[in-house]
Amino acid sequence: MRHWRPISRRAALRDLGALGAAVALGEPHGAFPHADGEVRPVPPNLVLFLVDDMGWQDTSVPFHSSPTPFNDRYHTPSMERLADGGVCFTQAYACCVCSPSRVSLMTGMNAARHRVTNWTLWKDRATDGAQGELMLPEWNVNGIAPLGGDPRAVHARCLPAILRHRGYRTIHVGKAHFGAVGTPGADPRSLGFDVNIAGHAAGGPGSYLGTQNFSGRWRGAEGVWDVPGLEHYHGQDIFLTEALTLEAIREMDAAVTRRQPFFLYLSHYAVHVPFADDPRFVGKYDRAGLDHTEAQYAALLEGMDQSLGDILDRLRYHGIDQDTIVLFMSDNGGLSAYGRGGEPHTHNRPLSSGKGSAHEGGIRVPMIVSWPGIVRPGTTCAHPVIIEDFYPTLLELAGVPEITSPDAQSVVPLLRGEAPGTGSRALHWHYPNCWGPPGPGIGASSTIRRGDWKLIYYHADQSYELFNIAEDIGEERNRARSEPHRVSELADALRDHLLAVDAQMPSLRSTGEPVPLPGESVP
Ligand code: CA
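Right under this line is the structure:
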């Protein structure tokens, strides 16, 4: 018989408060002995608040040049609060699906280099959809294997392992999705996290509902989707986002008690499918006349935002808000090709398309950084940055600037308000894979952005799309035919990058030959 023990959020936070009150509030950390035996000044706490599948427009914080109808639809007051005290990156990018972004974040590598180019789940088995005219390369389907030994995984020194070595308490709460079932990377602790709550191989929750034990049984799903490690919430009337928040707060409290700087990686399963009613918020969006699926989505977003507010409140409660850097990010663009209410491919407007696409809707995401005393509050930064940049950024913030990555650049100078370096840095994407549903920009491709120009090279037919993102953010005017010299120039630069990182290309089923590199088939 299941025990029904409804949890009161207020009571839970009060209990956690009693624990926190036992420590000296606001006391400076002083010096701290590190794993290597040296004593150094204590670095700031780092909170990386990562949202799953959240689109660029899925917030009341405007990231476009002016507010859009979606900014009116969604209510994210805690993001507004974070933005008021920090800087919004209006041209922040991730990969178009989950695992590549998360592996880039943990390793500092571009996806073309680490070869975890698509989402992972089963050991030694690709998750790609039907492949048509392409035969896909043997990408790293097992994800990250930090200790090596797996021929289908990338071996790397991961971000949390370095932070832990430098004295941080490294806390993983929420979705992991770093490695396949039955491989070391499935457990975030193998990447250097001291503690893992609720993270495993799967990239989505079985259910958001405690009353369903966060299991996918309600929809006949395999047990692999059941969220682990939250058994004490089973049967309770609590939403997954809130359970994860309570766990994160408990871990932060414990780190404060130990007087240890912490890296909290709070990686929400929200707002990934399968959507469910969050009773705290869904009613007002239903009453506003939204299609119920869209009301569920808006409520998922607001629940995520409530979590952010609870974390910010907790930092303030402990008196450590001025000693903590908070970074907000999403791992890919908003879902739009299926599973949403209304017309597909419209949910990220003015951006084209959504998750799975090389168009802006699939890769441009909301990013905010708060760094009290350093970042000028309420500002924006339009310099393009990409998810692998988090690796050197977090290391520099933690006082480890000597570990860098050839693919990534620290954004710390941007946070300090310094001008970005001279020259136009190019950003790269490589997705020699098949996501599934069709749509604008969806398909195996390689992409480069340099300055305002973006070139997409589609592997299946070796065609190009060329857009000027500054003039045409909706990617409606393909200028590949009218600007062949620019296509040629960008294709050459993209080819040089792919060669430099030894990127894998698919092969053509018709000939068995590898797809030509960009620049080798300029129209
Ligand atoms: Ca995702």
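For the sequence shown, the residue numbers in this note's numbering are 49 to 571. Backbone N, C-alpha and C define an ideal beta-carbon position, used for all residues, glycine too. Given the structure is predicted, the values throughout are model-derived calculations rather than measurements.
Contact test: residue i Cβ vs ligand 1 heavy atom, cutoff 7 Å
i: residue 106; result: no
i: residue 145; result: yes
i: residue 316; result: no
i: residue 396; result: no
i: residue 380; result: yes
i: residue 320; result: yes
i: residue 101; result: yes
Identified DSSP bridge partners for residue i
i: residue 534; result: Paired residues: none, contrary to the question.
i: residue 136; result: 416 and 428
i: residue 99; result: 378
i: residue 300; result: Answer is none; residue 300 lacks a bridge partner.
i: residue 202; result: 192
i: residue 515; result: 502
i: residue 372; result: 93
i: residue 183; result: 555
i: residue 141; result: 412 and 434
i: residue 547; result: Its beta-bridge partners do not exist; DSSP assigns none.
i: residue 405; result: 490
i: residue 257; result: 287
i: residue 562; result: 555
Proximity test, Cβ basis, 8 Å: residue i and chain C
i: residue 93; result: No chain C is part of this structure, which consists of one protein chain only.
Proximal residues to residue i (C-beta, below 7 Å), its chain only, five neighbours per side dropped
i: residue 276; result: 246 and 248
i: residue 463; result: 135, 417, 419, 422 and 423
i: residue 343; result: 330, 333 and 334
i: residue 243; result: 219, 220 and 299
i: residue 521; result: 398, 399 and 408
i: residue 176; result: 166, 184, 481 and 482
i: residue 353; result: 124, 125, 126 and 127
i: residue 465; result: 424
i: residue 198; result: 190 and 231
i: residue 390; result: 339 and 342
i: residue 173; result: 189
i: residue 132; result: 425 and 426
i: residue 362; result: 297 and 300
i: residue 518; result: 500
i: residue 72; result: Annotation note: pLDDT 30 at residue 72 (below 50); position unreliable, no value reported.
i: residue 58; result: With a pLDDT of 46 at residue 58, under the threshold of 50, the modelled position of this residue cannot be trusted; read the value that follows with caution. Excluding residues within five positions, none has a Cβ falling inside 7 Å.
Cβ shell of residue i (< 6 Å), same chain only, five flanking positions each side left out
i: residue 313; result: 96 and 220
i: residue 497; result: 475
i: residue 309; result: 90, 91, 93 and 216
i: residue 107; result: 122, 124, 127 and 414
i: residue 458; result: 440, 441 and 444
i: residue 129; result: none
i: residue 434; result: 141 and 475
i: residue 55; result: Any reading at residue 55 must be qualified, since the residue scores a pLDDT of 41, below 50, and its modelled position is unreliable; no value is offered.
i: residue 438; result: 153
Contacting residues, own chain, Cβ-Cβ under 8 Å from residue i (five flanking each side not counted)
i: residue 436; result: 152, 153, 155, 156, 157, 158, 453, 455 and 456
i: residue 69; result: The predicted position of residue 69 is uncertain, since its pLDDT is 34 and thus under 50; a value taken from the coordinates is nonetheless stated next. Here the set comprises nothing.
i: residue 507; result: 182, 480, 491, 492, 493, 494, 553, 554 and 563
i: residue 487; result: 384, 385, 392, 393, 401, 402, 404 and 405
i: residue 110; result: 116 and 119
i: residue 169; result: 175, 228, 229, 249, 250, 251 and 272
| Any beta strand (DSSP E) of 3 or more consecutive residues that is wholly inside the region 428–504 | Inside the region 428–504, DSSP marks whole beta strand (DSSP E) runs of 3 or more residues at positions 474–479 and 493–498, from first to last along the chain.
| request: Decide if the region 192–207 is in contact with the region 259–276; the criterion is three or more beta carbon pairs, one per stretch, under 8 Å apart. | output: Using a C-beta cut-off of 8 Å, the region 192–207 makes no contact with the region 259–276, since fewer than three inter-stretch Cβ pairs fall below that distance.
| task | Could you tell me whether the region 133–148 touches the region 177–186, using the rule of 3 or more Cβ pairs below 8 Å? | result | no
| field | Runs of beta strand (DSSP E) wholly within the region 212–255 (minimum 3 residues, chain order) | value | 217–222 and 243–245
| query | Does the region 375–393 come within contact of the region 402–410, defined as at least 3 CB pairs closer than 8 Å? | reply | yes
| Uninterrupted beta strand (DSSP E) stretches inside the region 307–363 (no shorter than 3 residues) | Entirely contained in the region 307–363, the beta strand (DSSP E) runs reaching 3 residues are, in chain order, 310–315.
| Cβ contact check for the region 282–301 and the region 256–263: 3 or more pairs under 8 Å | For the pair of segments examined, the region 282–301 was found to touch the region 256–263: the number of CB pairs separated by less than 8 Å reaches three.
| request: Could you tell me whether the region 488–508 touches the region 535–549, using the rule of 3 or more Cβ pairs below 8 Å? | output: yes
| query | In chain order, which alpha helix (DSSP H) runs of at least 4 residues are fully inside the region 149–185? | reply | 159–162
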